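Visitor:
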Ligand SMILES: Cc1cc2nc3c(=O)[nH]c(=O)nc-3n(C[C@H](O)[C@H](O)[C@H](O)COP(=O)(O)O)c2cc1C
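Numbering (my numbering), first residue to last: 26 to 426.
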């Protein structure tokens with residue numbers, strides 16, 4: 026177990042996390058959030074893996090109902106089992122000790138944070154996007170702060186898959202925490218090529234496909250927005266490896282459900298949702314686009330309602346596990362995503378402000394479950410989903426302004 030060291034705090038929010046030395050931490054919260062959040066799940070669980078009581082309510086709610094709202098007997102936090110299987114179709118291949126992961130592009134290769142975070146206590150690490158050849162990324166400026174979030178246009182700066190295998194995989198192989206390699210490419214061959222190299226490498230526990238990349242052979246249309254392309258790249262990668270395979274959905278689509286279903290049918294073990302939303306910023310001095318690449322990806326609390334909606338839709342459309350990403354910075358955020366059908370969450374942008382957020386959520390989730398007499402967080406999964414899951418929507422888009 027690594028010891029934590031106090032972090033130097035400077036404001037990294039409007040700086041490029043990939044330029045210069047890492048500046049960890051922003052402002053630590055003056056007061057820690059409560060160990061347990063209030064509010065109890067209201068409806069029956071819609072996720073097949075969820076463990077619910079005889080009434081169909083999560084255990085805490087069931088007990089609340091039986092005792093007329095009196096306190097549920099507390100369990101000892103150490104007997105709460107937060108483990109979750111992200112690849113049930115490949116038993117035992119990707120079982121996380123807890124459902125709090127760190128998101129790709131916000132935690133480097135895990136090594137960078139080793140001095141300040143006990144990485145071994147995380148559920149899993151999704152490393153930086155990795156491509157076949159090294160990439161320098163986009164021209165600066167590459168990040169800017171936005172209301173309740175940030176825009177980034179890092180452009181997949183990375184040393185390439187060979188360097189990742191040589192430099193980082195041997196270190197990961199000595200860790201208990203699974204490291205999932207986030208893979209990007211510009212063609213199906215690119216993706217399959219990277220994954221073929223990663224297949225069987227000790228230290229690589231799984232693959233997360235970043236399909237929010239332009240498909241050069243199809244006029245630059247992103248794989249993630251085209252159902253057939255998303256399915257084709259998933260199938261090609263599935264063919265290239267039997268490593269647990271997570272595919273990361275883009276929010277920049279009209280209806281995510283058919284895309285999610287096509288990816289599931291093509292062999293994904295789990296879905297992660299969501300990647301950043303497309304956005305731009307204007308330099309108020311020059312009145313020109315601020316980012317060197319003009320377009321950037323919006324992340325942070327600003328995208329949470331969108332991500333929640335997508336998780337809610339996807340969880341009803343597929344049978345494989347869904348991992349939620351988008352503005353998670355507290356236990357309450359994670360609980361919302363569980364209610365919407367996610368079995369695990371990833372923390373991204375919040376890490377730049379406070380690298381301790383993921384482990385704080387783990388500890389608070391354990392305490393939350395213990396206080397409600399829950400042996401696991403799984404009864405909390407899917408409580409907000411409709412009673413009859415998979416009901417086809419005739420509307421496609423549920424919200425009309
Ligand atoms: C600086 C930065 C770099 C990112 N790089 C990647 C990447 O390489 N691959 C990827 O799939 N997602 C990448 N993402 C997206 C995040 O993994 C995550 O999906 C998104 O930021 C939403 O989560 P958040 O609001 O918690 O940050 C990046 C995000 C940020 C902020």
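The C-beta atom is built at its ideal place from N, Cα and C for all residues, glycine as well. Keep in mind it's a predicted model, so treat the numbers as computed, not measured.
Can you have a look at residue 172 and say buried or exposed, based on whether 16 or more other CB atoms are within 10 angstroms of its CB?
Guide: With fewer than 16 other Cβ atoms within 10 Å, it is exposed.
Visitor: Is the closest heavy atom of ligand 1 to the C-beta of residue 324 under 6 Å?
Guide: yes
Visitor: Following a CB-centred definition, is residue 158 positioned closer than 6 Å to any heavy atom of ligand 1?
Guide: Not under cutoff, so the answer is no.
Visitor: Mind listing, in chain order, the continuous beta strand (DSSP E) runs of no fewer than 3 residues lying wholly within the stretch 360-409?
Guide: Fully enclosed beta strand (DSSP E) runs of 3 or longer: 369-372.
Visitor: Runs of 4 residues minimum, wholly inside the stretch 283-359: which ones carry the alpha helix (DSSP H) assignment?
Guide: 329-342
Visitor: Thinking residue 220 and residue 262 are a contact (beta carbons under 8 Å), I'd like their distance in whole angstroms, please.
Guide: 5 Å
Visitor: Helix, strand or coil for residue 145? Go by DSSP, reduced to three states.
Guide: helix
Visitor: So, for residue 144: in the same chain, excluding its five sequence neighbours on each side, which residues have a beta-carbon less than 8 Å away from its beta-carbon?
Guide: 27, 135, 138, 150, 200, 202
Visitor: Taking 6 Å as the cut-off, does the CB of residue 311 come closer than this to any heavy atom belonging to ligand 1?
Guide: Result no, Cβ not under 6 Å from ligand 1.
Visitor: Spatial neighbours of residue 368 within its chain, please: C-beta separation below 8 Å, excluding the five flanking residues on both sides.
Guide: 72, 74, 109, 111, 124, 346, 347, 348, 403, 406
Visitor: Can you give me the Cβ contacts of residue 283 inside the same chain, cut-off strictly under 6 Å, excluding the 5 residues immediately before and after it?
Guide: 252
Visitor: Within 6 Å: the Cβ of residue 130 and any heavy atom of ligand 1?
Guide: yes
Visitor: Between residue 278 and the rest of its own chain, which residues show a CB-CB distance below 8 Å, the 5 nearest in sequence each way excluded?
Guide: 249, 250, 284
Visitor: Identify, in the order they occur along the chain, each residue of the same chain with its Cβ nearer than 6 Å to the Cβ of residue 215, setting aside the five sequence neighbours on each side.
Guide: 157
Visitor: Is residue 353 buried or exposed, if buried means 16 or more other CB atoms sit within 10 Å of its CB?
Guide: buried
Visitor: Which residue or residues does DSSP assign as beta-bridge partners of residue 272?
Guide: 234, 296
Visitor: Can you give the beta carbon distance from residue 23 to residue 408, rounded, assuming they're within the 8 Å contact cut?
Guide: Examination of residue 23 is not possible in this model, given that the chain is present from 26 through 426 alone.
Visitor: Would the stretch 267-275 and the stretch 222-235 be scored as touching if the rule is three or more Cβ pairs under 8 Å?
Guide: yes
Visitor: Are residue 167 and residue 178 touching if we call contact CB-CB under 7 Å?
Guide: Using a Cβ distance threshold of 7 Å, residue 167 and residue 178 count as a contacting pair.
Visitor: Taking C-beta to C-beta, are residue 288 and residue 255 nearer than 7 Å?
Guide: yes
Visitor: Buried or exposed for residue 264, please, with buried defined as at least 16 other CB atoms from any protein chain shown within 10 angstroms of its CB.
Guide: exposed
Visitor: Under 6 Å from any heavy atom of ligand 1, does the C-beta of residue 374 make it?
Guide: For ligand 1, at least one heavy atom lies less than 6 Å from the Cβ of residue 374.
Visitor: Return yes when at least one heavy atom of ligand 1 lies under 6 Å from the C-beta of residue 177, else no.
Guide: yes
Visitor: Just to confirm, is the Cβ distance from residue 148 to residue 121 under 7 Å?
Guide: yes
Visitor: Tell whether a beta-carbon distance below 7 Å holds between residue 105 and residue 155.
Guide: Their beta carbons are not under 7 Å apart, which means residue 105 does not touch residue 155 by this criterion.
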